[in-house]
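Enquirer: Residues in the sequence shown are numbered from 126 upward in steps of one, following the numbering used here.
Ideal Cβ positions, reconstructed from N, Cα and C, are used throughout, including at glycine.
Next up is a structure, given as structure tokens.
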Amino acid sequence: MANVNVYRPLPQLGRFLNLCGPTPLVPVQLRDDAPMIWCKLEFLNPSGSTKDRIARYMLEKAWRMGHLREGGTVVEASSGSTSIALALTCAQMGLKFVAVMPEGVSHERILMIRAYGAEIILVPREAGIRGAIDTAERYATQHGALHTRQFENPDNAEAHRLWTGQEILSQIPRGMVHAVVSGVGTGGTIVGLYSAFSQAGCPTIPVAARPVRVGGEGPHAEIECCSFSTRVPGVVDGISKLYTHAALPGLRELDVDEEDALRTTKALIRKGFPVGPSTGLNFCAAEQIARELGPDAQVVTVFADRMERYFSTELFAS
Ligand code: PMP
126 MANVNVYRPL PQLGRFLNLC GPTPLVPVQL RDDAPMIWCK LEFLNPSGST KDRIARYMLE
186 KAWRMGHLRE GGTVVEASSG STSIALALTC AQMGLKFVAV MPEGVSHERI LMIRAYGAEI
246 ILVPREAGIR GAIDTAERYA TQHGALHTRQ FENPDNAEAH RLWTGQEILS QIPRGMVHAV
306 VSGVGTGGTI VGLYSAFSQA GCPTIPVAAR PVRVGGEGPH AEIECCSFST RVPGVVDGIS
366 KLYTHAALPG LRELDVDEED ALRTTKALIR KGFPVGPSTG LNFCAAEQIA RELGPDAQVV
426 TVFADRMERY FSTELFAS
């Protein structure tokens, strides 16, 4: 009998869409004395991030439900990866995409989004991501566009529960996950993956990685799209209903010095994983919980996006 508890793509929406996932799950150990972490290589998705999953899942769901048809318009408030992913997915599905974001977003991102034929509406930096959400909502009403509302759309987390999470369960030895670690932007990743693992019977501890600034002065890392970072363009602190309303029993919130997150990102790149800063953050927190749980624990984290979109940031400054 067909397993109904997994994501089934709509093949008629374009053959290129089928290139999203499955991504490898690989064990990564940075030093001999460091713990080994199971890492999901989500930067291998077509737009270069895990957000391809949610873009595709949210749009296909809307399409199936008749809320979207060819030539329609999609709008979303996002300063980063979600906009790039939606721009690519809309290009593949024959849809128009409008990205609303606060000023100050890196040039690489703007170039990528425009290259896919999407439109960008910038709101003043002070308005932040909340201002962008309000503008997206107004745009949707005025133009009859679909606002995907990634911060509250349950299909964001569902994409990870039914798709990324099921892949991981089929890839990891014994289908067993003892802890799942992710930085939190919308919360879709941690909520969806935790649900997949706990519903499969794993005694999984959900771990939210929080970038913190230790030591005051000096250059400050940009950890893109994680709600606890103080220096992210378009910080999304506390606005994600998906995360704040989710049931995550036993949730651990682990602080990671942003300097360590950046150092670890560079170490991962030197190992041949072309990742961005949130991956370094994830990996640091994963090592912390793995040390605590001991060598038999299988700890999973996500390598969320690619390094190329950070060329103009501190990660590549020296
Ligand atoms: N890493 C990157 C690069 C992101 O852009 C985001 C969120 N936009 C995250 C991690 C966090 O993922 P989530 O939104 O699922 O919490």
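Cα separation between residue 331 and residue 433?
Expert: Approximately 29 Å, taken between the alpha carbons.
Enquirer: Along the chain, which unbroken stretches of the alpha helix (DSSP H) at least 4 residues long are found entirely within the stretch 247–305?
Expert: Counting whole runs of 4 or more residues, the stretch 247–305 contains the alpha helix (DSSP H) stretches 253–268, 279–284, 290–296.
Enquirer: On a Cα-Cα basis, can you pick out the residue from 437, 135, 132, 420 that is closest to residue 303?
Expert: Nearest of 437, 135, 132, 420 to residue 303, Cα basis: 420.
Enquirer: If you check the beta carbons only, do residue 413 and residue 163 fall under 8 Å apart?
Expert: It is not a contact, given that the beta carbons lie outside the stated cut-off.
Enquirer: Considering only residues of the stretch 401–438, which uninterrupted beta strand (DSSP E) runs meet the minimum length of 3 residues and lie entirely inside it, listed in chain order?
Expert: Complete beta strand (DSSP E) runs here, min 3: 424–428.
Enquirer: Return helix, strand or coil for residue 244, following the three-state DSSP convention.
Expert: Residue 244 falls in the strand class under three-state DSSP.
Enquirer: At a cut of 8 Å, does the stretch 167–186 reach the stretch 208–221 through at least three beta carbon pairs?
Expert: With the cut-off at 8 Å, the stretch 167–186 and the stretch 208–221 touch.
Enquirer: Tell me the DSSP bridge mates of residue 163?
Expert: Partner(s): 152, 425.
Enquirer: Which residues does DSSP pair with residue 308 in a beta bridge?
Expert: In the DSSP output, where bridge partners are listed per residue, residue 308 has 334.
Enquirer: Whether or not the stretch 253–269 and the stretch 288–298 are in contact is what I'm after, with contact meaning three or more pairs of Cβ atoms, one per stretch, closer than 8 Å; do they touch?
Expert: With a cut-off of 8 Å, the stretch 253–269 and the stretch 288–298 do not count as touching, because too few Cβ pairs lie within range.
Enquirer: According to DSSP, is residue 158 helix, strand or coil?
Expert: In this structure, residue 158 counts as coil in the three-state DSSP scheme.
Enquirer: Is residue 310 near the ligand PMP, judged by its Cβ being under 7 Å from some heavy atom?
Expert: Answer for residue 310: yes, Cβ within range of the ligand PMP.
Enquirer: Which residues in the same chain have their Cβ closer than 8 Å to the Cβ of residue 154, if we skip the five residues on either side of it in sequence?
Expert: Answer for residue 154: 160, 161, 162, listed in chain order.
Enquirer: Is the beta carbon of residue 429 within less than 7 Å of some heavy atom of the ligand PMP?
Expert: Yes, the ligand PMP has a heavy atom inside 7 Å of this Cβ.
Enquirer: List the endpoints of the continuous alpha helix (DSSP H) containing residue 225.
Expert: Looking at the DSSP string, residue 225 is not in any alpha helix (DSSP H); the run it does join, the beta strand (DSSP E), is 221–227.
Enquirer: Using DSSP bridges, identify the partner residues of residue 202.
Expert: DSSP lists 225 as partners of residue 202.
Enquirer: My assumption, with CB atoms under 8 Å, is that residue 298 sits in contact with residue 406. Please give the rounded CB distance.
Expert: In fact, because the Cβ distance is near 25 Å, the residues do not count as touching under 8 Å.
Enquirer: The ligand PMP heavy atoms versus the CB of residue 235: any closer than 7 Å?
Expert: Answer for residue 235: no, Cβ out of range of the ligand PMP.
Enquirer: Starting from residue 316 and walking both ways along the alpha helix (DSSP H), at which residues does that stretch end?
Expert: From DSSP, the alpha helix (DSSP H) with residue 316 extends over 313–324.
Enquirer: Rounded to whole angstroms, how far is the Cβ of residue 177 from the Cβ of residue 214, which I believe are closer than 8 Å?
Expert: That pair is a contact at about 7 Å.
Enquirer: Can you determine whether any heavy atom of the ligand PMP sits closer than 7 Å to the C-beta of residue 315, and answer yes or no?
Expert: Because some heavy atom of the ligand PMP lies under 7 Å away, the Cβ of residue 315 counts as near it: yes.
Enquirer: Cβ of residue 323 versus every heavy atom of the ligand PMP: is any distance shorter than 7 Å?
Expert: No, the beta carbon of residue 323 sits no closer than 7 Å to any heavy atom of the ligand PMP.
Enquirer: Mind reading off the beta-carbon distance from residue 273 to residue 383? Whole number of angstroms is fine, and I expect it under 8 Å.
Expert: With a Cβ gap of about 29 Å, residue 273 and residue 383 do not count as contacting.
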